[in-house]
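Asks:
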Amino acid sequence: MNDTICAISTALGIGAISIIRISGDDAISKVADIFKGSDLTKAKSHTIHYGHIVKNNEVIDEVLVTVFRAPKTYTKENIVEINSHGGIATTKKILEVLLEIGIRLAEKGEFTKRAFLNGRLDLCEAESVNALLSSNTDLERKLALNGISGKISRKIKKVRDIIVELMANIEVNIDYPEYEDALEITLDNLPPKLKEIKQELESLLSESKIGKLVSEGIKVTIVGRPNVGKSSILNHLLGENKAIVTNIPGTTRDIVEGEIEFKGIRLKFIDTAGIRKSKDIVEQIGVDRSLAMLSEADLVIHVLNNNEKLSSEDIEIATKIKNKTHITFVNKNDLKNNLQLESEYITGTTLTDEGLDDLKNKIVELFDLEKINTSNLEVVSSSRVINLIKTALIHINNALNNVSNKIPVDMIAIDIKAAWDSLGEITGESYQDELLDTLFSKFCLGK
960 MNDTICAIST
970 ALGIGAISII
980 RISGDDAISK
990 VADIFKGSDL
1000 TKAKSHTIHY
1010 GHIVKNNEVI
1020 DEVLVTVFRA
1030 PKTYTKENIV
1040 EINSHGGIAT
1050 TKKILEVLLE
1060 IGIRLAEKGE
1070 FTKRAFLNGR
1080 LDLCEAESVN
1090 ALLSSNTDLE
1100 RKLALNGISG
1110 KISRKIKKVR
1120 DIIVELMANI
1130 EVNIDYPEYE
1140 DALEITLDNL
1150 PPKLKEIKQE
1160 LESLLSESKI
1170 GKLVSEGIKV
1180 TIVGRPNVGK
1190 SSILNHLLGE
1200 NKAIVTNIPG
1210 TTRDIVEGEI
1220 EFKGIRLKFI
1230 DTAGIRKSKD
1240 IVEQIGVDRS
1250 LAMLSEADLV
1260 IHVLNNNEKL
1270 SSEDIEIATK
1280 IKNKTHITFV
1290 NKNDLKNNLQ
1300 LESEYITGTT
1310 LTDEGLDDLK
1320 NKIVELFDLE
1330 KINTSNLEVV
1340 SSSRVINLIK
1350 TALIHINNAL
1360 NNVSNKIPVD
1370 MIAIDIKAAW
1380 DSLGEITGES
1390 YQDELLDTLF
1400 SKFCLGK
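What follows is the structure, given as structure tokens:
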């Protein structure tokens, strides 16, 4: 934290400009030593200065340098940003000069890590910064911005405030029983408080389903017997010839993937090998992988042939997916019908794209995508945060069970405190160094 750090903040390549960011107590004075123009040490905060980066009397580049003085900066430290001409050689040369004058190369996410450690962001907001950088859709962008703005953190803080008030009353009852102004917490009046906390946590988890869909997309696995048209459906949905299509059964032997944006949500399609018993070792490996993909899918599209009766493989697949969200698509409806189904299905043909719009509309219905598009997206989406909320909920449920078992209130307080600590890990009010290292290692350099 005492080092002055630097990193390239823009993508390396040919472009109009590159930005090299420097942060630390000595950021301004160190850059001033290699900048020929105005005196940066006397520059006001949030000002831009024209000049040149010079080392050993050699002009490295013509630049614009922006000065930000602590504490009103991203890291709450002094920050300098060098705007140079774009290009790999120039950008790397300026970075090389900075390293030569004693500025350390930043680790991944170290600027945001310093913003967290210096109190500029909480951990939930910092995590949302990375989500914003990696967002692929407009909905993902909105979701991440809500996290950065602190809207999610305030929801977590609201629950923690309820818990801490309850904990405070319990502590007063234990340590100062003679204090009459404090609410006495007993096994009779404790359950309503715990149920209020439980309801808040369950509400956060329920809302998080929307956040997970927006941030992670929907994994869609296309399954069926060989030669029913799975690869053709994938190609039509993606709008490109991603998978090889022939009339030879068993053409697809491995997983073929593709992704599109639909209604603001990423649909991650996976075309699998046709499921059948095979003596071909390579094909059978593909079949085994297809079956394994079923457990990971958010949605399964089961493809059947209109002109063929149900086979044992079709029935086996239907049995495996009956408890999963799935759509049955009957392909080749231009051929004579020999298939009898009692369950709901969509029919069409990949020869003319008939039925594929119905297939997409069914996905909209199953995942309520229209509602997601009109949602304010002030919801939890991070797997880390969701798991911590689940942990807090487990502790609250344990506390409720202990009330039923007539366990003393001071013992029940242990689980209440554990729930409070779990929620504190979300915002970083309690954390371990290993957590920070793991979390910020997912960031890019320069952020």
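The sequence shown: position 398 = 1357 (our numbering), numbered continuously.
Ideal Cβ placement from N, Cα and C applies to all residues, glycine included.
1. Along the chain, which unbroken stretches of the alpha helix (DSSP H) at least 4 residues long are found entirely within the segment 1053-1132?
2. The beta strand (DSSP E) that contains LYS1406, what's its start and end?
3. With a CB to CB cut of under 7 Å and the five nearest residues on each side skipped, what residues in its chain are close to THR1205?
4. Please list the terminal residues of the continuous alpha helix (DSSP H) segment that includes ASN1332.
5. Looking only at its chain, what residues have a beta carbon closer than 6 Å to the beta carbon of LYS1189, apart from the 5 residues adjacent to it on each side?
6. For the alpha helix (DSSP H) containing ILE1192, name the first residue and the last one.
7. Can you name the residues that DSSP bridges to THR1180?
8. When DSSP builds the beta bridges, which residues end up paired with SER1043?
9. Is the segment 1253-1267 touching the segment 1278-1286, taking contact as three or more C-beta pairs under 8 Å?
10. Here's the rule I'm using: 16 or more other beta-carbon atoms within 10 Å means buried, otherwise exposed. How should GLY1078 be labelled?
11. From this set, ALA975, GLU1166, TYR1033 and ASP1020, which residue's C-alpha is nearest GLU1337's C-alpha?
12. What residues are listed by DSSP as bridge partners for GLU1316?
13. Could you spell out where the alpha helix (DSSP H) holding ALA1372 opens and where it closes?
14. How many Å lie between ALA1277 and LEU1315 at the Cα?
15. What residues match up with THR1287 in a beta bridge as DSSP calls it?
16. Can you give me the C-alpha to C-alpha distance between LYS1101 and LEU1328, rounded to a whole angstrom?
17. Please confirm whether LEU1082 and ALA1074 have their CB atoms less than 8 Å apart.
18. If we call anything under 8 Å between Cβ atoms a contact, is ILE1012 one with VAL1022?
19. Are ILE1041 and ILE1122 closer than 8 Å when you measure CB to CB?
20. Comparing alpha-carbon positions, which option in ALA1065, LEU1160 and LYS1268 lies nearest LYS1406?
21. Confirm, please, whether the CB-CB distance from ILE1107 to VAL1173 is below 8 Å.
22. Here's the rule I'm using: 16 or more other beta-carbon atoms within 10 Å means buried, otherwise exposed. How should ARG1119 be labelled?
23. So, do the segment 1347-1357 and the segment 1374-1388 have three or more beta carbon pairs nearer to each other than 8 Å?
24. Quick one: using the 10 Å Cβ neighbour count with 16 as the cut-off for buried, is PRO1302 buried or exposed?
Replies: With the structure as the only source:
1. 1069-1076, 1082-1092 and 1097-1107
2. Here LYS1406 belongs to no beta strand (DSSP E), and DSSP marks it neither H nor E.
3. Unreliable placement is indicated for THR1205, whose pLDDT of 42 sits below 50; the coordinate value is still reported in the next sentence. Nothing listed; no residue qualifies.
4. 1328-1333
5. ILE1181, GLY1183, ASP1230 and VAL1262
6. 1189-1197
7. ILE1229 and VAL1259
8. SER977
9. yes
10. exposed
11. GLU1166
12. A small fix is needed here, since residue 1316 is Asp in this sequence, not Glu. Bridge partners of ASP1316: none, in fact.
13. 1368-1386
14. 21 Å
15. HIS1261
16. 15 Å
17. no
18. yes
19. no
20. ALA1065
21. no
22. buried
23. yes
24. Looking at the sequence shown, residue 1302 is not Pro but Ser. Exposed, by the Cβ-count rule.
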